[in-house]
Every structure is written in structure tokens, then in C-alpha cells.
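Read the structure below first, then the notes.
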Amino acid sequence: MILSGAEIVVQSLKDEGVEFVFGYPGGAALHIYDAFYKQEDVQHILVRHEQGATHAADGYARATGKPGVVLVTSGPGVTNAVTGIATAHMDSIPMVVLTGQVPTALIGDDAFQEVDTVGITRPCVKHNFLVSRVEDLAQVIKKAFFIANSGRPGPVVVDIPKDITAQSTEYKYPTSVEMRSYAPVSRGHPKQISRAVDLLLGADKPIIYTGGGIIQGGAADELTQLVRELEFPCTNTLMGLGGFPYKDPLFLGMLGMHGTYESNMAMYDCDVMLAVGARFDDRVTGDLTKFSPNSTIIHVDVDPSSIGKNVSVEVPIVGEAAPVLREMLSIVKARKADGVVPDIGQWWDRIEEWRAFKSFEYDRESAKIKPQYVIETLHKITNGNAFVTSDVGQHQMWAAQHYGFNASRRWINSGGLGTMGFGLPAAMGVQLAHPDEQVACITGEASIMMCIQELSTCKQYNLPVKVINLNNRYMGMVRQWQEFFYDGRYSHSYMDALPDFVALAESFGHVGVRIESPADVEGALEEAFAQENRLVFMDFITDQSENVYPMIAAGGGHNEMHLKPSEADDVLLERELA
Amino acid sequence: MRRIISLLVENEAGALSRIAGLFSARGYNIESLTVAPTEDESLSRMTIVTRGSDAIIEQITKQLNKLIDVVRLVDLTEGRHIERELMLIKVIAEREEREEVKRLVDIFRGRIIDVTNSTYTIELTGPVGKLDAFIETLQGVEVVEAVRSGVSGISRGDRALR
Numbered sequence: 046m047i048l049s050g051a052e053i054v055v056q057s058l059k060d061e062g063v064e065f066v067f068g069y070p071g072g073a074a075l076h077i078y079d080a081f082y083k084q085e086d087v088q089h090i091l092v093r094h095e096q097g098a099t100h101a102a103d104g105y106a107r108a109t110g111k112p113g114v115v116l117v118t119s120g121p122g123v124t125n126a127v128t129g130i131a132t133a134h135m136d137s138i139p140m141v142v143l144t145g146q147v148p149t150a151l152i153g154d155d156a157f158q159e160v161d162t163v164g165i166t167r168p169c170v171k172h173n174f175l176v177s178r179v180e181d182l183a184q185v186i187k188k189a190f191f192i193a194n195s196g197r198p199g200p201v202v203v204d205i206p207k208d209i210t211a212q213s214t215e216y217k218y219p220t221s222v223e224m225r226s227y228a229p230v231s232r233g234h235p236k237q238i239s240r241a242v243d244l245l246l247g248a249d250k251p252i253i254y255t256g257g258g259i260i261q262g263g264a265a266d267e268l269t270q271l272v273r274e275l276e277f278p279c280t281n282t283l284m285g286l287g288g289f290p291y292k293d294p295l296f297l298g299m300l301g302m303h304g305t306y307e308s309n310m311a312m313y314d315c316d317v318m319l320a321v322g323a324r325f326d327d328r329v330t331g332d333l334t335k336f337s338p339n340s341t342i343i344h345v346d347v348d349p350s351s352i353g354k355n356v357s358v359e360v361p362i363v364g365e366a367a368p369v370l371r372e373m374l375s376i377v378k379a380r381k382a383d384g385v386v387p388d389i390g391q392w393w394d395r396i397e398e399w400r401a402f403k404s405f406e407y408d409r410e411s412a413k414i415k416p417q418y419v420i421e422t423l424h425k426i427t428n429g430n431a432f433v434t435s436d437v438g439q440h441q442m443w444a445a446q447h448y449g450f451n452a453s454r455r456w457i458n459s460g461g462l463g464t465m466g467f468g469l470p471a472a473m474g475v476q477l478a479h480p481d482e483q484v485a486c487i488t489g490e491a492s493i494m495m496c497i498q499e500l501s502t503c504k505q506y507n508l509p510v511k512v513i514n515l516n517n518r519y520m521g522m523v524r525q526w527q528e529f530f531y532d533g534r535y536s537h538s539y540m541d542a543l544p545d546f547v548a549l550a551e552s553f554g555h556v557g558v559r560i561e562s563p564a565d566v567e568g569a570l571e572e573a574f575a576q577e578n579r580l581v582f583m584d585f586i587t588d589q590s591e592n593v594y595p596m597i598a599a600g601g602g603h604n605e606m607h608l609k610p611s612e613a614d615d616v617l618l619e620r621e622l623a
Numbered sequence: 084m085r086r087i088i089s090l091l092v093e094n095e096a097g098a099l100s101r102i103a104g105l106f107s108a109r110g111y112n113i114e115s116l117t118v119a120p121t122e123d124e125s126l127s128r129m130t131i132v133t134r135g136s137d138a139i140i141e142q143i144t145k146q147l148n149k150l151i152d153v154v155r156l157v158d159l160t161e162g163r164h165i166e167r168e169l170m171l172i173k174v175i176a177e178r179e180e181r182e183e184v185k186r187l188v189d190i191f192r193g194r195i196i197d198v199t200n201s202t203y204t205i206e207l208t209g210p211v212g213k214l215d216a217f218i219e220t221l222q223g224v225e226v227v228e229a230v231r232s233g234v235s236g237i238s239r240g241d242r243a244l245r
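Respectively, the protein sequence lines represent chains A and B.
Position one of the first sequence corresponds to residue 46 (my numbering), numbered consecutively onward.
Position one of the second sequence corresponds to residue 84 (my numbering), numbered consecutively onward.
Right, dumping it as C-alpha cells:
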């Protein structure tokens with residue numbers, strides 16, 4: 046059939062099975078918006094800011110494993126979207142971003158709302174395209190989805206000049222993609238896998254360290270089976286939480302800068318490390334010269350450039366997590382049947398000593414609301430089954446430490462880029478993907494202000510997200526660093542004019558609640574989740590002197606953790622509420 | 084260590100900026116970069132001369148391979164190879180210098196491709212070291228300008244990047 050470029054865009058999305066497009070219209074995208082008006086198959090979600098569109102699509106992608114789709118106009122539409130594109134890129138989230146562009150003839154003339162979209166997004170996408178002929182449009186969109194969602198996933202931008210969307214051509218959506226320059230590897234090298242298993246089974250002090258690759262690669266079951274078969278300790282990165290059930294005694298919790306004592310000490314002390322879908326990020330490793338000095342490292346990753354980038358690896362395995370772990374499991378079973386049984390009892394004794402420190406413990410007798418208590422109570426109220434999004438800062442770390450994730454795709458946060466403003470729009474994408482599930486956005490009074498406008502989108506589409514605002518009247522993590530490393534000079538980490546969040550939520554048509562006493566926390570959360578069809582904004586007034594522990598200072602080693610609050614915690618100035 | 088990385092890339096707008104951008108974004112060093120279409124007009128062939136430790140070179144090749152536009156890549160310095168660079172150099176050549184410069188050009192197997200009363204323009208091809216040596220022997224001769232193409236490289240023997 047003959048379709049216009051704009052109709053091809055919409056029809057291609059439909060043929061790709063897209064449910065939702067998160068977007069915001071504007072001049073260069075108007076033909077495409079007209080095509081949206083004429084159909085009902087793909088639902089367009091109108092956000093309030095393009096950053097919100099990208100985070101919402103990102104949240105949708107993280108919660109479902111399907112690519113999130115964004116549609117924005119040229120110029121400021123694109124520049125506003127860049128933060129969200131970079132966020133998705135750092136965390137390897139599949140996303141397709143369609144951007145309007147000025148007509149081909151005007152490109153390069155500094156036309157109204159023109160930016161070099163391909164140039165501006167190039168360093169923060171997996172790939173991008175500028176469509177130059179309407180005949181190429183369907184093929185390019187097909188390629189964009191293929192690239193975004195294969196190998197190591199990531200965002201792909203398709204820049205479409207307005208004149209292309211007006212021209213017409215014969216439409217046929219391609220059924221397959223052939224790209225001579227792109228062929229992601231899925232299965233790992235069998236010899237390397239077998240060598241890895243031998244190393245693991247011969248280890249005295251093994252550890253399994255996994256990241257977001259387990260989540261994105263859908264390998265949580267495979268990981269869980271392998272860890273349980275080996276009965277080895279397992280730790281997850283911030284991005285990998287939910288990849289292994291938190292309650293399992295084999296789980297050491299999160300590692301890294303704010304990880305558990307037992308996970309970091311075990312990383313430091315281990316003799317064989319199996320890393321899967323994790324990239325040895327600086328927040329995980331600390332000082333590389335002090336990183337796990339005596340271990341032999343096996344690294345499984347779908348992206349060869351992740352392997353050997355930060356630490357040298359003895360056994361590199363390029364492949365997708367799930368098939369590699371499946372193969373490892375079958376070899377482990379075979380070896381065990383032949384009588385090879387690992388004995389790491391002493392190692393576990395050591396780990397249990399570390400675990401006995403209970404490094405996430407906090408003051409439960411405080412008269413002030415402790416943020417950790419709010420998150421523990423949230424876990425209780427939601428049975429640990431909510432989808433939890435977060436913004437960036439202390440609340441993010443407490444959520445990661447204290448919620449306790451049973452399954453993958455439930456913990457949704459900006460780990461790599463650390464984007465404040467991520468939590469609320471991401472929660473919209475999650476709630477649209479899972480309308481019957483409980484969705485909580487854990488945020489702070491600074492982060493929430495960065496995309497607060499999306500409360501309006503939540504109202505329009507009736508998204509009953511539960512916002513848990515841990516309000517300590519500070520940019521908490523900035524304040525914590527200033528307390529520790531700048532002698533308590535709290536330079537610009539406090540806003541002198543915070544809004545009344547209850548009134549603010551109500552003005553958007555939602556329910557607002559302020560909670561000021563620990564005794565009211567549980568009741569407030571219960572009531573909020575009982576209101577199944579309303580967005581409830583809970584403003585928890587928390588203890589503003591609370592810090593995130595344990596902490597490895599930037600540049601420290603895994604064996605150099607600060608475990609306990611210091612006395613300096615009490616010299617904070619009390620800050621007033623709005 | 085100095086390495087010569089040869090690539091086949093999709094002959095598409097933006098491919099060059101992706102590669103150049105990768106080097107600047109990750110802080111890798113480019114000594115020279117040449118690019119031109121090949122006998123297959125859908126492909127460009129690029130030669131990049133870079134320096135770095137083995138770990139950095141490994142990252143460079145992996146990151147380049149990760150770019151969607153890169154079809155194939157080889158580190159020529161891993162095997163036997165030939166490298167050539169073209170230089171066009173314009174020098175002042177007057178009176179007794181004219182003979183001397185002409186002799187030097189002959190020794191280096193270059194060619195004088197343009198002549199005025201006071202200048203020669205010389206074409207010289209060879210490995211980087213030969214071009215450097217030629218410039219060194221011109222001591223005392225005033226160089227007006229010099230243009231170097233950057234290195235192009237190819238494997239010796241049957242090996243090929245296709």
C-alpha cells in the first residue's frame with residue numbers, strides 16, 4: 046500500500062508491536078502527529094517535558110524488556126530528550142527515539158528549531174540514523190528496533206526530516222534485518238565456559254558478582270539455579286538487584302560504595318570471581334589498584350569491550366548471560382556427578398563473621414522518621430512485590446539496601462548516569478506497562494522537583510503511582526559528602542524555599558499526605574496503597590542527619606569501609622520545613 | 084606502542100565523525116587518520132595511526148568494532164605490512180640551491196612536480212621515517228609549506244581486509 050512518511054512511522058510502530066509512544070508534539074513532528082490522530086492501535090502518552098518522555102519509555106523498557114519508544118520534535122524537543130537518552134545508554138536500556146527534523150532543504154541553515162540531532166546524540170546512543178529518503182524509512186525503523194534490542198541493548202535515535210514525512214511511497218514492513226557490520230554474539234565459547242567451571246569448582250573462596258546484564262538478559266532464573274547448585278555466595282550490583290532473590294542465604298546483598306560489609310570483604314578476599322553482566326564500574330570497584338588483589342577473574346558479558354576495560358580478566362566469555370549460565374550449570378552438574386564437589390565451608394564461616402556486623406543496621410529507637418524504616422515498611426506493605434523506581438541520591442541507596450527484591454525488573458533506577466528526575470516519569474512507564482501492579486516511586490525533595498511536572502501526566506492517564514518522598518530538606522548525598530569530605534561546609538545543598546508538597550500534589554489533582562512521626566509511617570503507607578486508583582504523594586519528614594552506611598570513599602578499596610556514623614553527624618544545622 | 088589500525092566502514096554520512104568522536108570521547112590518541120572510498124562504493128577504507136599500551140589498543144579495537152558502521156577491522160602492526168604516506172612539500176630553491184635540492188629529491192626517489200623561478204614543489208612517498216628523514220636533510224633549505232596525507236597501510240602477502 047502507498048503511505049505517507051508519517052503514516053509509515055505509525056504503521057511501522059504498529060507492525061513492531063509497540064503499545065505506547067511517549068512524546069510531545071512540535072512543528073517538525075506535526076505530520077507524524079496527524080498520522081497518530083487517525084489511528085488507535087498505538088497509544089500516544091503526552092508528557093509534560095521531553096525528559097519525562099524518555100524516562101517514561103525507559104521505565105517501560107526496564108519493567109517489560111521491550112524497547113521504549115519516544116517521539117519528539119526537532120531542536121529543543123531533542124535537546125530536552127538528551128538526558129533521558131544518555132540515562133538509557135549508560136544502563137543499556139533498549140529504546141527507540143523518533144525525532145522530527147527540519148525539512149531536508151533547510152538542514153544546515155540554522156533553521157527554526159534546528160539542531161544537529163545526529164551529532165548531539167551521537168556519543169550517548171548505541172546508533173543513530175538521519176533518514177534521507179522516504180523509501181528507506183520503514184527499513185531504518187526496523188533496523189533501529191533490531192539494534193536497540195539485540196546484543197548489549199541501548200537507545201537508537203531516528204531523525205526524520207519533515208519533508209520525508211510528507212512524501213509517499215509503497216509501504217511494506219521488513220520481516221528481517223541484514224546488517225553486515227552488526228552481528229551480536231549470543232553463545233559463549235564452549236572451551237572458555239568449561240575452563241571457567243573448572244576454576245569455580247577448584248576455588249576455595251569463590252564469589253559470583255552480577256549486574257544489570259542478568260536483568261536485561263533475562264537470566265535471573267539461570268543465575269539462581271547456578272548459584273544454588275554451586276552453593277556459592279552471590280552479590281549484585283545496584284543495577285543487578287532482583288537478579289538473585291534477596292532472602293536466599295547465599296545472597297550477600299549489594300556490593301560497592303554503599304554495599305554490605307560481607308559483599309565487599311568477600312570481593313576483596315576471594316580467590317575466584319565470576320562476573321556476569323557487570324562492568325566493574327568505579328562505584329563497584331573503588332580503587333582499582335586495591336581491587337580484589339588475589340582473585341582469578343572470569344567475566345561473562347555480551348559486549349566484548351566491557352571485558353578487560355577496567356580490570357584484567359583471566360577467562361573472558363563473550364555471550365549472553367542466559368545461555369552461558371545454562372551451559373555452566375549443565376557442566377557443573379556433570380562434574381558433580383563425577384564426584385567433584387566444592388568444599389568452601391571455611392569461606393562461608395568467614396563470610397558469616399562479616400555478615401554478623403549487620404552493616405545496614407540503623408537506629409530503630411529514633412523519635413524522628415528514619416528513611417530506612419520507611420523503605421522497610423514499604424516492603425512489608427507491598428510484600429516485597431512492588432515495582433520500585435527511584436531518583437538519585439541517599440534515598441536511592443536506602444531503597445537499594447532495604448527494599449529487598451525478589452524478582453528482576455522490579456528495581457528501576459538510573460545507576461550509570463545518576464539522573465535526578467528519573468523516578469517519577471519512569472514510574473509512569475512502569476505503571477502503564479503493568480496497570481494492575483503496585484508501583485512506588487522512592488524519591489527525595491530535591492530529585493522530585495526535577496521532573497515534578499509529570500504529576501500532570503499521571504493525572505491525565507490516571508496512573509496511581511505511590512510517591513514516597515523522603516524529605517530531609519537537603520540534597521542528602523551532596524550533604525553527606527560535604528559532611529565527610531568538606532568539613533561540614535554545606536555549600537548549596539539546601540533549598541531555602543521548598544514547596545508544600547501536600548498542596549502541590551493536590552493542585553495536580555492527586556492525594557497529598559505529610560507524615561512526621563515514625564508511628565504514622567505504616568498507617569500512611571497502608572492507606573496510600575489502599576487507594577488503588579489514586580496517585581498518593583507521601584511527604585515523609587525524615588531525620589536529616591541520617592547518612593548512608595557503609596561507605597567506601599571514592600578512591601578507597603573494598604577493605605576500607607566506613608561502617609558506623611561518626612559523631613560529626615550530630616552537628617548539622619536543623620533546617621526548617623517550608 | 085605505535086599501531087596502524089585499518090578499517091572498512093560503511094560509506095555513510097556520519098561514519099567518520101563516529102570514529103573521530105570515539106577517539107576524543109575516550110581520550111585515545113590519533114596520530115593520523117586517512118579515509119577514502121574503496122572499489123566497492125558502499126565501503127570506505129580508513130587507516131588510523133595511534134599510540135597506546137596493549138590494554139588501550141585492545142579497548143580501541145573493541146570500541147571501534149562496536150560501532151555499527153564499522154564492518155571489519157585489523158591491526159596491521161600485528162603482522163607483516165606495508166605503510167606509505169604521501170608528502171607534497173614546497174621549498175625555496177634559488178641559484179646554487181636548485182641543483183642541491185634536485186639531487187636530494189633524486190636520492191629520495193621523489194619527484195619535482197611544480198617549478199617556479201624561486202621554488203620547487205616536491206612529491207615524495209614512503210614510510211613515515213623516510214619522509215621525516217627527507218625533511219631533516221633539507222636543513223638550510225627554507226620550507227614554504229608541507230602537506231602530508233597520513234599513513235595508508237596494507238598487509239603483506241595473502242592476508243587482506245575484506
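Just so it is clear, CB atoms sit at the ideal spot from N, CA and C, and this is done for glycine as well.
Remember, it's a predicted structure, so these values are computed and weren't measured experimentally.
Check	Outcome
A/Glu572 versus B/Ile139 - alpha carbon distance	56 Å
The region 467-481 of chain A touching the region 496-514 of chain A, judged by at least three CB pairs closer than 8 Å	yes
Contacting positions in the region 93-110 of chain B - beta carbon closer than 8 Å to chain A	Glu93, Ala96, Gly97, Ser100, Arg101, Gly104, Ala108
Interface partners of A/Val163 on chain B, CB under 7 Å	Gly97
A/Gln391, buried or exposed, once every other Cβ within 10 Å from all chains shown has been counted against 16	exposed
Between the CA atoms of A/Glu365 and A/Val141 - distance to the nearest angstrom	21 Å
Opening and closing residue of the beta strand (DSSP E) in which A/Leu159 lies	Here residue 159 of chain A turns out to be Glu, not Leu, going by the sequence shown. First-last for A/Glu159: undefined, no H or E at that position.
7 Å Cβ cutoff, B/Val154 in contact with chain A	yes
N- and C-terminal bounds of the alpha helix (DSSP H) containing A/Met583	First-last for A/Met583: 581-586, but that is the beta strand (DSSP E), not the alpha helix (DSSP H).
Exposed unless 16 or more other CB atoms sit within 10 angstroms - verdict on A/Glu490	buried
Positions along the region 190-210 of chain A whose CB lies within less than 7 Å of some CB in chain B	Ile192
Chain-ordered chain B contacts of A/Pro349 [CB-CB under 8 Å]	Lys145, Asn148, Lys149
Outcome for A/Asp327 when other beta-carbon atoms lying within 10 angstroms are tallied against a minimum of 16	exposed
Proximity of A/Gly288 and A/Ile259 at Cβ, strictly below 7 Å	yes
Under the three-state DSSP convention, the category A/Lys511 falls into	strand
Interface flag, A/His134 vs chain B, CB-CB below 7 Å	no
N- and C-terminal bounds of the alpha helix (DSSP H) containing A/Tyr78	75-82
Beta-carbon neighbours of B/Glu141, restricted to chain A and to distances below 7 Å	Gly353
Start-end ranges of the beta strand (DSSP E) lying completely within the region 454-542 of chain A, minimum 3 residues	484-489, 511-516
Separation of A/Tyr254 from A/Met595, as counted between CA atoms	It is Pro, not Met, that sits at residue 595 of chain A in the sequence shown. Cα to Cα, the separation comes out at about 19 Å.
Inter-stretch contact (C-beta, 8 Å, three-pair minimum) for the region 445-453 of chain A and the region 477-484 of chain A	no
Residue from B/Glu219, B/Val224, B/Glu168, B/Gly240 whose Cα sits closest to the Cα of B/Glu206	B/Glu168
Pairwise C-alpha distance: A/Pro121 and A/Ala542	28 Å
Buried versus exposed call for B/Ile88 [16 or more other C-beta atoms within 10 Å across all chains shown]	buried
Coarse secondary structure for A/Ile47, derived from DSSP in three states	strand
Residue closest to A/Gln261, alpha-carbon to alpha-carbon, out of A/His134, A/Tyr291, A/His537	A/His134
Contact under 7 Å by Cβ, A/Ile376 with A/Val358	no
Cross-chain neighbours of A/Tyr227 in chain B, by beta carbon under 8 Å	Ile151
Pairwise C-alpha distance: B/Met84 and A/Ile389	44 Å
Bridge partners - A/Tyr254, DSSP secondary structure assignment	A/Thr280, A/Ala320
Coil, strand or helix - A/Gln391 by DSSP	helix
Interface partners of A/His172 on chain B, CB under 7 Å	Ile151
Backbone secondary structure at A/Lys609 - three-state DSSP	coil
C-beta atoms of A/Leu116 and A/Val87 nearer than 7 Å	no
Between the CA atoms of A/Ser351 and A/Gly233 - distance to the nearest angstrom	15 Å
Reference A/Gly62, options A/Tyr218, A/Trp399, A/Val321, closest by Cα	A/Tyr218
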